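So for the sequence shown, the numbering used here puts the first residue at 157; every next one is plus one.
The structure appears right after this line, and notes come after that.
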Amino acid sequence: MTGNSFGNLFKITTCGESHGGAVGVIVDGCPAGLDISEMEIQKELDRRKPGQSSITSPRNERDLIHILSGVFEGKTTGTPILLLAYNADMRPEDYDELKKVYRPSHADYTYLMKYGRRDFRGSGRASARETLARVAAGAIAKKYLKKYLNIEILSYVEQVGSIRSEMDYKKVTTDAIESNIIRCPDQNTASNMIKLIEEIKNEGDSIGGIIKGVIRNVPAGLGEPVFDKLSADLGKAMLSINAVKGFEIGSGFNGITMRGSEHNDPFFIDENKKIKTKTNHAGGTLGGISTGEDIYFRVAFKPVSTISKNQQTVNLEHQSVELQATGRHDPCVLPRAVPIVDAMSALVIMDHFLRQNARSLSACHPREGGDPLG
């Protein structure tokens with residue numbers, strides 16, 4: 157099975173299944189000298205773990221992370237970092253009834269067609285449990301970017317079903333995002349979202365929505381022309397997340413309703429003699445390269461596939477059957493997906509920072525107490 161690695165100079169490789177022994181990740185290419193602890197990584201994982209509220213999966217996993225290599229005396233050594241979290245609350249018996257059934261909108265059918273076999277216990281590698289590894293790795297990248305470049309990465313739930321917040325992303329803070337269980341900084345809208353999800357949950361159904369990602373203080377010049385555009389890699393990163401069905405950056409699809417004279421972002425010199433743009437319809441990139449303006453984008457998540465309502469499907473014998481799924485599942489994936497979007501953003505920016513930095517004669521690792529650019 158290929159396709160388990162992401163990134164070039166800052167590269168991660170994930171492993172593990174939903175109901176296997178553990179989920180892990182190897183982080184290769186992290187510069188030496190970054191102070192990082194299990195506690196810091198755990199803080200991000202606690203935002204993703206199941207069982208954290210009434211509107212998430214009740215699976216009881218603490219997701220305790222272990223740093224098994226690449227860190228010595230609290231600092232990264234420059235060697236591969238191995239992070240591992242053991243699965244604890246496994247109930248593979250919940251999936252016995254699914255051994256010979258294709259669940260609607262799941263990867264059961266496609267995995268079997270590709271590999272000739274599949275792990276029916278919670279979808280194996282197709283499970284969103286794999287994203288634990290991404291969040292763990294992303295915590296390291298996020299720490300580096302904040303400490304040495306003052307890059308701030310945040311994401312929040314902007315829309316659930318037809319309920320949407322119109323809050324200006326420039327005013328959003330991490331504290332406001334974390335102030336409620338849906339992770340929407342607009343408190344009134346958040347209450348309506350939570351109410352809707354609870355209603356959907358009681359019906360045995362699920363619902364999707366949109367997460368908005370924001371990356372602040374990105375220096376101009378990150379991104380590779382043509383195929384490795386920064387915007388393209390962000391799109392790939394987000395579309396690799398389970399349940400994601402859409403990605404747009406900047407004005408996105410709304411840009412088609414504007415004329416060029418409206419959509420163009422005029423340049424000007426600000427009070428600090430820096431080149432800025434009066435508007436930011438481009439979403440922080442031009443030609444796939446960062447402009448220095450905020451990068452912002454939207455990620456669309458479909459409704460969770462596993463629901464307790466009766467559904468028509470077929471089995472391995474090509475017979476039509478009725479399925480009522482059991483097990484523990486999220487009625488809406490968005491609250492737990494916020495840290496995943498954060499992590500994938502951090503991984504992309506970190507990789508492109510190292511790629512850009514490699515062009516210079518300076519070392520790409522930070523001096524003790526100094527600037528990462530040397």
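Cβ atoms here follow ideal geometry from the backbone N, Cα and C, with glycine treated the same way.
Owing to the predicted nature of the structure, the values given are computational and were not obtained by experimental measurement.
Q.
Assuming T235 is part of the alpha helix (DSSP H), what are its boundary residues?
A. That residue, T235, is in no alpha helix (DSSP H); it is neither H nor E in DSSP.
(Q) Does S516 pass the burial test, meaning 16 or more other C-beta atoms within 10 Å, or should it be called exposed? (A) exposed
Q | Nearest candidate by alpha-carbon position, reference L510, set T158, T330, F166 and A388 | A | F166
Q.
Assuming V455 and C488 are in contact, meaning their beta carbons sit under 8 Å apart, how far apart are those beta carbons, in whole angstroms?
A. Their Cβ separation, rounded to whole angstroms, is 14 Å, which puts V455 and C488 out of contact at 8 Å.
Q | Candidates H262, F276, I237 and I412, of which the one nearest K256 by Cα | A | Checked all of H262, F276, I237 and I412; the closest Cα to K256 is F276.
Q | Cβ neighbours of E196 in the same chain (closer than 8 Å, five flanking residues each side left out) | A | A295 and K299
Q | chain D contact for F409 (CB, 8 Å cutoff) | A | You won't find chain D in this structure, because it holds only one protein chain.
Q: Could you tell me how far apart the beta carbons of V494 and R203 are, in whole angstroms, since I believe they sit closer than 8 Å?
A: 7 Å
Q. Since G416 is in the alpha helix (DSSP H), which residue starts that stretch and which ends it?
A. From DSSP, the alpha helix (DSSP H) with G416 extends over G416 to H419.
Q) How should G180 be labelled, buried or exposed, when 16 other C-beta atoms within 10 angstroms of its C-beta is the threshold for buried? A) buried
Q. Who are the Cβ neighbours of M308 in its own chain at under 7 Å, not counting the five residues just before and after it?
A. According to the sequence as given, residue 308 is Glu; it is not Met. Closer than 7 Å at the Cβ level, and outside the excluded window around E308, lie K302, R372 and N373.
Q) Tell me the DSSP bridge mates of L390? A) Answer is none; L390 lacks a bridge partner.
Q) Got a sec, what are the start and stop residues for the alpha helix (DSSP H) G172 sits in? A) Premise fails: G172 lies in the beta strand (DSSP E), K167 to G172, not in any alpha helix (DSSP H).
Q) When burial is assigned at 16 or more other CB atoms within 10 Å of the CB, is V497 buried or exposed? A) buried
(Q) Considering only their Cβ atoms, is the gap separating I211 from E355 smaller than 8 Å? (A) No, the Cβ-Cβ distance between E355 and I211 is not below 8 Å.
Q. Cβ of Q480 within 8 Å of Cβ of S464?
A. yes
Q.
Quick check: the Cα distance between C520 and T233, rounded to an integer number of angstroms?
A. Annotation note: pLDDT 43 at C520 (below 50); position unreliable, no value reported.
Q | alpha helix (DSSP H) runs contained entirely in the region 256–310, provided each spans 4 or more residues | A | 264–271 and 287–305
Q) For the 8 Å Cβ check, are there 3 or more pairs between the region 172–187 and the region 279–286? A) Yes, since at least three Cβ pairs between the region 172–187 and the region 279–286 fall closer than 8 Å, the two stretches touch.
Q. Between which two residues does the beta strand (DSSP E) containing E478 stretch?
A. S476 to L479
Q.
Cutting at 7 Å between CB atoms, please list the residues of its own chain near N348, excluding the five before and the five after it.
A. I319
Q) Once you ignore the five residues that flank M600 on each side, which residues in its own chain have a CB closer than 7 Å to its CB? A) Given a span of 157 to 530 for the chain in the structure shown, any question on residue 600 remains unanswerable.
(Q) For the alpha helix (DSSP H) containing R511, name the first residue and the last one. (A) Boundaries of the alpha helix (DSSP H) harbouring R511: L490 to N513, taken from the DSSP string.
Q | Integer Cβ distance of P491 from I363, believed to fall under 8 Å | A | 12 Å between Cβ atoms; not a contact.
Q. For K429, does the three-state DSSP call read helix, strand or coil?
A. Three-state DSSP puts K429 in coil, outside helix and strand.
Q: Run through the region 164–219 for me and flag every whole beta strand (DSSP E) of 3 or more residues, listed as ranges in chain order.
A: 167–172 and 178–184
Q: Any chance you could list the alpha helix (DSSP H) runs of at least 4 consecutive residues sitting entirely within the region 310–367, in chain order?
A: 330–333 and 343–358
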